[in-house]
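Heads up, the sequence shown is in full-length UniProt numbering, so the first residue is 1 and it goes up one at a time. What follows is a short report on a single structure.
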Amino acid sequence: MSGYTEPHWAASGLVVIDMQVDFAEGGMLPVAGTDAVTPNVRRLAEGFRRAGRPIVHIVRLYPPGSSDVDLPRRAAVEAGAVLGAPDTPGSAVIAGIAGPGGPLPVDAGVLLAGKPQVLGEHEIVLFKPRWGAFYRTELEQWLRERQVDTVVVAGCNLPNCPRATLFEASERDFRTVLVEDAVSQVSAERLADLAGIGVTLSSTGTVLAEVAGPPVTG
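What follows is the structure in structure tokens.
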């Protein structure tokens, strides 16, 4: 591992991608494996919260009839498809990830205006209009303001949005970590792609131990 890619855990922030009701089992556009990794995503969020480290929940919102949509789904959304639509239960963050309790409703008015939905001093929700979480969002600025230099990624559907987000983070000189057991649709090919650009591949247990810091002795 290069000195330029090694994670700085004390300067890390968690970016949770697309963990929304519509992408889980029973949703309008379920992604296989998302339910299975949800407990680990919850554990990561709880651990970063306890450590006082920044957390950003990245979400998609598809207003029916909109054309500001990724190309593979544009025709369906333009025709009125309801998936991850504003002010629907499917757009909510899956229960227990953005804090205790049930699914967290997202504030579509705030998010579609490009602003963060603030959940706490170090925790927000941001809307992304395409695959990568840095595209047309305030993510980079928000992380820099909190002296984050290491982006830890977990969430839904590695081949698409988590992977794009890791490439964008690397392009911006962030150190990058993928939590393999907290992201759906993992494959050896995708992991090799990411390792090739300096992404650290890690596990929920390892990340939580690192973020918590060394045990107090004596």
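All C-beta atoms in this analysis are idealised placements derived from N, C-alpha and C, irrespective of residue type, glycine included.
Annotation for T204: the continuous alpha helix (DSSP H) segment containing it runs 204 to 212. Residue burial annotation: A10 is exposed, with fewer than 16 other C-beta atoms found within 10 angstroms of its C-beta.
Between S12 and R60, the C-beta spacing is not below 8 Å. Nearest to V37 by C-alpha distance, out of L166, L158, A85, E168, is L158. Annotated as proximal: P89 and V21, with beta-carbon spacing under 8 Å. In the three-state reduction of the DSSP assignment, G198 falls in the coil class. A direct Cα-to-Cα measurement between V118 and M19 gives close to 17 Å. Residue range 34 to 51 is occupied by the alpha helix (DSSP H) that includes R50. Listed in chain order, the alpha helix (DSSP H) elements of length 4 or more contained wholly in the stretch 77 to 152 are 108 to 112, 139 to 145. Rounded to the nearest whole angstrom, the CA to CA distance from V153 to V106 is 20 Å.
In the three-state scheme derived from DSSP, where H, G and I count as helix and E and B as strand, E189 is classed as helix. Between A212 and A51 the beta-carbon gap is near 6 Å, inside 8 Å, which marks them as a contact.
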